[in-house]
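Each remark here refers to the structure printed beneath this line.
Set out below in structure tokens:
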């Protein structure tokens, strides 16, 4: 038998080589896609769960893509199709990236509004608490003033009663002395002196009654003036009380509006709605 050697033509050699190259490229592409599929599984899960649909989500998405790219380049650096597969993957993810960026911008604006509303609410809350503290202090002051006035009035009345009692006792002692002197004059027969003493006693009674009446009027006037000053002070405190209550109500109304607006913003952010595939970030 004779061995027959068959040599390939140049065209056949080129086709065979191209076939090997194509097979290698396809195998490389599959291997690269397998590596990338494994590395991108966590980010795909996050996309489906809407993990990036929040303020700052775009930056998180970009960082995750960067991590995937570094790991992929490390594992597929010897593959001929490494760059092509990665470029195609990033091109596909650019759709998700744009959608996430749009959502991020909207949510960031809303988050800024919420933060501003919270700051306003905090300031208003401080103002309300300060007004409440002023209100409490004013009420305590009013109560202390009421008790203090009652005590002053009681002490003044006691002092006046004591002064009137001492004045009457002194007048009674003086009257007793004059009556004894009158009796002595009458007993001794000094009629003229006795008549003068009677006149003196009548005048003493008149002066004593007049002095007691004047003193009573003076005490009544002192009590009236004290009561009037107290009423004026209490009226001023009540006016301050009403003004503080109005200030508190005017502060609480904006506070309620801010809290309602804050609630509406939060509902707008977290209430589920139907999204387009781009907004859902699912490729």
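Numbering (full-length UniProt numbering), first residue to last: 1 to 283. Every residue, glycine too, gets a C-beta built ideally from N, C-alpha and C. Predicted model only: the values in this text are computed from it and were never measured.
- One alpha carbon belongs to residue 129, the other to residue 123, and they sit about 10 Å apart.
- When only Cα atoms are considered, residue 84 and residue 90 end up about 10 Å apart.
- Using a Cβ distance threshold of 8 Å, residue 164 and residue 212 count as a contacting pair.
- DSSP places residue 54 outside both helix and strand once states are collapsed to three, so it counts as coil.
- If you draw a straight line from the Cα of residue 105 to the Cα of residue 56, it is about 9 Å long.
- Here the C-alpha atom of residue 234 lies approximately 20 Å from the C-alpha atom of residue 156.
- Per the coordinates, the alpha-carbon of residue 146 lies some 12 Å from the alpha-carbon of residue 229.
- In the three-state DSSP reduction, residue 108 falls in the helix class (H, G or I).
- Per the coordinates, the alpha-carbon of residue 194 lies some 15 Å from the alpha-carbon of residue 204.
- For the pair of segments examined, the stretch 22-39 was found to touch the stretch 66-73: the number of CB pairs separated by less than 8 Å reaches three.
- Contact annotation: residue 214 and residue 138 have beta-carbon atoms that are not nearer than 8 Å.
- Non-local beta-carbon contacts of residue 190 in its own chain, meaning distances under 6 Å to residues more than five positions away in sequence, are absent.
- Pairing residue 40 with residue 132, the inter-Cα distance amounts to about 57 Å.
- For residue 79, the secondary structure class from DSSP, reduced to helix, strand or coil, is coil.
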